[in-house]
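Read through the structure below, which is laid out as structure tokens, and then see the notes.
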Amino acid sequence: MKLKSLLTNQKLTKEFYNQNVLEVARNLPGKIFVVKNRNQILAGVIVEVEAYSMLGDKASHSYNGKTVRNTSMFSGGGVLYVYSSYGIHFCANIVTGEINSGDAVLLRAIEPIYGVNQMVINRFGKEIISNNLFKNLTNGPGKICSAFGIDKKNDGIDLSKNHIFIVENSELRDFELVESTRIGITKSTDLPWRFYIKNSQNILNK
DNA sequence: CCACGGATTGGCT
DNA sequence: GCCAATCCGTGGA
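If you're matching positions, the first sequence starts at 101 in the working numbering and goes up one per residue.
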């Protein structure tokens, strides 16, 4: 995809984000996540997500209601919710639904398409040449934030008004969406709220 | 005030 | 496959 084409693709709308969290989660794979900095574009195709909901989902940060950490989950569809994980990493979520929904979609894996060199530097602190590196760059929620330079300072931003956003994919090929239970959690493990693109090279635990 | 554990990752066995 | 790293939000005392 040409860079010009990518930047003229339409941003996902408030109407899209305001849908039910499962509807958004099923439709985010294939879309393009973009971080636009002063002199560079970092972008990739979303290939794996998980839905988290305040309602009936004990694994969700919002399950027990609004707190200091999860405030962004109550800010309405199209807001970014970033939290620190294990004190070491950051994870990024797309808030869905209306104000106070407490629902969000976790970005679990992305297939890089622009700014790969910069992502490598962001992740490893230096340039590394390796064929194997590409698959390992953004195939996890903490890795995505590291590669795209996302941290707590980006928590609560509106995806429609900032340098971080998601656009339609004008060159998307047909793909099969796989539904499964979520991974890395200990509560509500029965909910089939993980969605990923079948045969993607950028997903662990297929 | 304090103790606990987690929506992860990477290194070592 | 197993486990340490590392820290802060959260909830109970």
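Think of the CB as a built atom: it goes at the ideal place given N, C-alpha and C, for glycine as much as any other residue.
Report task. Put L277 into one of helix, strand or coil per three-state DSSP. Result -> strand
Report task. Output the distance between the C-alpha atoms of Q301 and V216, rounded to the nearest integer angstrom. Result -> 15 Å
Query raised in the report: Where does G177 fall in DSSP's three states?
Result: coil
Query raised in the report: Going by DSSP, what residues sit across from E148 in a beta bridge?
Result: A209 and Y296
Query raised in the report: If you run the structure through DSSP and keep just helix, strand and coil, what is I244?
Result: helix
Query raised in the report: How about E271 and T238: are their beta carbons less than 9 Å apart?
Result: no
Report task. With DSSP collapsed to three states, give me the class of T113. Result -> coil
Report task. Please name the residue or residues paired with F265 in a DSSP beta bridge. Result -> V134
Report task. Identify which residue in F133, Y117 and F190 has its Cα closest to the Cα of S175. Result -> Y117
**Report entry** Closest Cα partner of T196 within the set G284, V121 and L291
**Finding:** Closest in alpha carbon position to T196, among G284, V121 and L291, is V121.
Report task. Tell me, please, which residues DSSP counts as bridged to A192. Result -> V182
**Report entry** Simplified DSSP state of L106, which is helix, strand or coil
**Finding:** helix
Query raised in the report: Any idea if L142 is buried or exposed, counting beta-carbon neighbours within 10 angstroms, 16 or more meaning buried?
Result: So L142 counts as buried.
**Report entry** Residues that A143 bridges to, as DSSP identifies them
**Finding:** V134 and Y214.
Query raised in the report: Any idea what DSSP makes of A159, helix, strand or coil?
Result: coil
Requested in this report: Less than 8 Å between the CB atoms is what I'm expecting for D255 and L180, so what's the real figure, rounded?
Outcome: 7 Å
Report task. Count the other C-beta atoms from every protein chain shown that fall within 10 angstroms of the C-beta of F190, then say buried if there are 16 or more, exposed otherwise. Result -> buried
Query raised in the report: Relative to the alpha-carbon of S260, which residue among N193, S230, K111 and M101 has its alpha-carbon at the smallest distance?
Result: K111
**Report entry** Beta-carbon gap between Y296 and I285 smaller than 9 Å
**Finding:** no
Query - Between the CA atoms of N200 and V220 - distance to the nearest angstrom - result: 37 Å
Query - Of the listed residues S246, I188, D203 and V267, nearest to S105 (C-alpha basis) - result: From the listed residues S246, I188, D203 and V267, the smallest Cα separation to S105 is found for V267.
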